Amino acid sequence: MLEWQRKKLMGATKFKPQLRRLLAIGEFIREGRFPSCARMAARLECSAKTIQRDIDYMRDFLDAPIAYDERKKGLYFTDKSWFMPSIMMNEGDLFAMLVGSQAMAMFQGTPVAAELKQIFDKLAAYLPDMISVPPEYLVSKVSFHAPPARAIRPEVWKQVVRGLQHQNVVEIVYKSHRYKKPLRHAIHPYHLANLEGEWYVLARSGKWKDLTQYALGRIQEAKVTETRFDIPAGFNARDVLKKRVGRFIHGDGRKTFPVRLLFAPKLASYIGEKTWRQGQKLRGRRDGSVELELPVYDVQDVVPWVQGFGPDVKVLGPKELRAVIKERAERTCRIYSERGTRKKPGVAFRKEKHPLESYTAAR
221 MLEWQRKKLM GATKFKPQLR RLLAIGEFIR EGRFPSCARM AARLECSAKT
271 IQRDIDYMRD FLDAPIAYDE RKKGLYFTDK SWFMPSIMMN EGDLFAMLVG
321 SQAMAMFQGT PVAAELKQIF DKLAAYLPDM ISVPPEYLVS KVSFHAPPAR
371 AIRPEVWKQV VRGLQHQNVV EIVYKSHRYK KPLRHAIHPY HLANLEGEWY
421 VLARSGKWKD LTQYALGRIQ EAKVTETRFD IPAGFNARDV LKKRVGRFIH
471 GDGRKTFPVR LLFAPKLASY IGEKTWRQGQ KLRGRRDGSV ELELPVYDVQ
521 DVVPWVQGFG PDVKVLGPKE LRAVIKERAE RTCRIYSERG TRKKPGVAFR
571 KEKHPLESYT AAR
């Protein structure tokens, strides 16, 4: 092709041919039905000359291996492995896309999950059916598995997010652990956080003095009001979330106290390789056991976690935590003991105080 022809073609194709039309031409040819310019023009509602210019552009600038079959009077690819570079993507970009698609697991149960899936499906539609990437980049090698989470009503999600974005008070109907019937709250949403797979909104409420977290899955109704509110200048969500233990945060101004735990030697490596809480202290002992000291706001913060280690952990302090763990261990023994109480196990469960009742989040 002469230079003047190349410039003319560039000028003709720089603005008129749209990405979707070029992609469509590639798909028509890939179907293997040997389409002609006239047939493709009819399907795309444009002129045959426009299609011919598109094909010339694909051949000369995108190296498309398009040929004409005289016998079948149509176009075909001499190399079927060629795809139009509809999305310019290097290996790092592709890997990021794959990881992002798997990270959608964090949004399971929310209306956002379906929207994100649609976005990734659209992106995937523009990628070649077969693409060569290093084995370590394959999506089968990367996955995210979020813990079980409560489903969130789509309208609740939309209303809470809208109130958060525009700083409008949101009226909600909330089903708490502590009360049999749902209660109405007027909340000032400050921040939305996913804590170990569960979505919470950190908010102020007229019912409570402290900053409170509400599980979005427990909100039965939500409505944005026209009343505005201001977020305090000193509020910092990161600082608040640093103080959490597991899924739960605590109110303002509370002080921590140390919890001391002694773990069996077989757990020493496991306990020592993680940061369980900011400000923790770790001490090894000669017998291979390890002592862990954690700053906590409430004994109940660590009760379920400590219980999960069974006989491989001993509470050294405080005495309140020792008493709770001991009592629960005794209750468990009574449930499984043949000579235990004559009461049905269900009675023991009903009498036990819910472990989340002392949390700010359980209101």
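If you want the working numbering, it's the 1-based position in the sequence shown plus 220. We put the beta carbon where it would ideally sit given N, CA and C, even for glycine. No experiment lies behind these values; they were computed from the predicted model shown.
{"Item": "Candidates Ala244, Lys501, Val510, of which the one nearest alanine 484 by Cα", "Value": "Val510"}
{"Item": "Own chain partners of alanine 435 with C-beta closer than 8 Å, once the 5 adjacent residues on each side are dropped", "Value": "Arg370, Glu418, Trp419, Tyr420, Ala581"}
{"Item": "C-alpha gap between isoleucine 497 and leucine 282, whole angstroms", "Value": "For clarity, residue 497 is arginine in the given sequence; the question names isoleucine instead. Looking at the two C-alpha atoms, the distance is approximately 55 Å."}
{"Item": "Cβ pair isoleucine 469, valine 460 closer than 8 Å", "Value": "yes"}
{"Item": "Contacting residues, own chain, Cβ-Cβ under 6 Å from isoleucine 372 (five flanking each side not counted)", "Value": "Gly329, Thr330, Leu436, Gly437"}
{"Item": "Minimum C-alpha distance to glycine 454 - residue among Tyr410, Thr476, Arg505", "Value": "Tyr410"}
{"Item": "Buried versus exposed call for proline 524 [16 or more other C-beta atoms within 10 Å across all chains shown]", "Value": "exposed"}
{"Item": "Bridge partner(s) assigned by DSSP for glutamate 511", "Value": "Leu482, Arg503"}
{"Item": "Separation of leucine 295 from aspartate 289, as counted between CA atoms", "Value": "6 Å"}
{"Item": "Three-state class that DSSP yields for arginine 448 in the structure shown", "Value": "strand"}
{"Item": "Beta strand (DSSP E) segment containing glycine 294, residue limits", "Value": "294-297"}
{"Item": "Burial state of arginine 424, where buried means 16 or more other Cβ atoms lie within 10 Å", "Value": "buried"}
{"Item": "Option nearest proline 402 by Cα separation, candidates Ile439, Arg503, Lys429", "Value": "Ile439"}
{"Item": "Residue span of the alpha helix (DSSP H) that contains arginine 551, given as start and end", "Value": "539-556"}
{"Item": "For glutamine 338, the three-state DSSP class (helix, strand or coil)", "Value": "helix"}
{"Item": "Residue closest to proline 367, alpha-carbon to alpha-carbon, out of Gln433, Arg474, Leu415", "Value": "Leu415"}
{"Item": "Residue of Arg554, Gly426, Ile392, Arg505 minimising C-alpha distance to leucine 481", "Value": "Arg505"}
{"Item": "Given aspartate 450 as reference, the closest of Leu384, Tyr277, Ile249, Ser557 once Cα atoms are compared", "Value": "Leu384"}
{"Item": "Where valine 526 falls: helix, strand or coil (DSSP)", "Value": "helix"}
{"Item": "Selection from Val390, Met278, Gly246, Glu550 that minimises the alpha carbon distance to arginine 448", "Value": "Val390"}
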